[in-house]
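What the sequence shown shows, in the numbering used here, is residues 421 to 531, in sequence order. Here a beta-carbon is modelled for each residue, glycine too, at the ideal position from N, C-alpha and C. If you're wondering where the values come from, they're calculated on a predicted model, not measured in any experiment.
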Amino acid sequence: MRKIHKSWKQPIPTNLDLGDDEAAKTMLILLIHSAANSSQALSVNDQIVIIERGQALYGRYAYAKRFGLKRNEAGRCDRILSRLAKLHNKVNIRPLNKCTVVSIKNYDDLT
């Protein structure tokens with residue numbers, strides 16, 4: 421996965437209402453930090469992926485590394501992302517062949 425940082429972003433909000441779920445809060449902050457500010461076309465393993473504003477590419481091994489987890493513990497990141505989608509209703513998940521596109525709900529309100 422290629423990281424693209426084209427423009428300045430707003431500070432991460434501190435009022436994310438996720439209760440005591442610190443892992444989900446950290447995941448949401450990482451997703452907000454990685455989200456696109458505008459529409460972009462990215463290449464992931466020779467597959468062109470178009471992401472819109474408020475969307476981020478998610479790869480479980482890459483996010484496991486950002487969480488400080490081993491590669492064989494990457495399933496934890498999938499479970500955290502699933503909690504963000506189902507329990508907290510903060511993101512939509514669209515799986516693709518080599519990665520996942522995560523759409524952050526209310527992205528403009530959060531940034």
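Test item: CB-CB of residue i and residue j under 8 angstroms
| i | j | result |
| --- | --- | --- |
| residue 474 | residue 513 | no |
| residue 507 | residue 476 | no |
| residue 471 | residue 521 | yes |
| residue 478 | residue 501 | yes |
| residue 417 | residue 480 | Absent from the structure is residue 417, since the part of the chain shown begins at 421 and ends at 531. |
| residue 440 | residue 503 | no |
Distance between residue j and residue i (C-alpha atoms, nearest Å)
| i | j | result |
| --- | --- | --- |
| residue 483 | residue 497 | 7 angstroms |
| residue 467 | residue 529 | 31 angstroms |
| residue 492 | residue 443 | 18 angstroms |
| residue 455 | residue 438 | 19 angstroms |
| residue 499 | residue 453 | 20 angstroms |
| residue 445 | residue 435 | 10 angstroms |
| residue 505 | residue 465 | 26 angstroms |
| residue 526 | residue 509 | 11 angstroms |
| residue 519 | residue 488 | 20 angstroms |
Chain-order list of residues whose beta-carbon lies under 8 angstroms from that of residue i (same chain, five-residue window excluded)
| i | result |
| --- | --- |
| residue 490 | 484 |
| residue 459 | 470, 471, 472, 473 |
Cβ neighbours of residue i in the same chain (closer than 7 angstroms, five flanking residues each side left out)
| i | result |
| --- | --- |
| residue 486 | 450 |
Sheet register partners of residue i (DSSP bridge)
| i | result |
| --- | --- |
| residue 462 | 469 |
| residue 523 | 475, 512 |
Burial state of residue i, where buried means 16 or more other Cβ atoms lie within 10 Å
| i | result |
| --- | --- |
| residue 516 | exposed |
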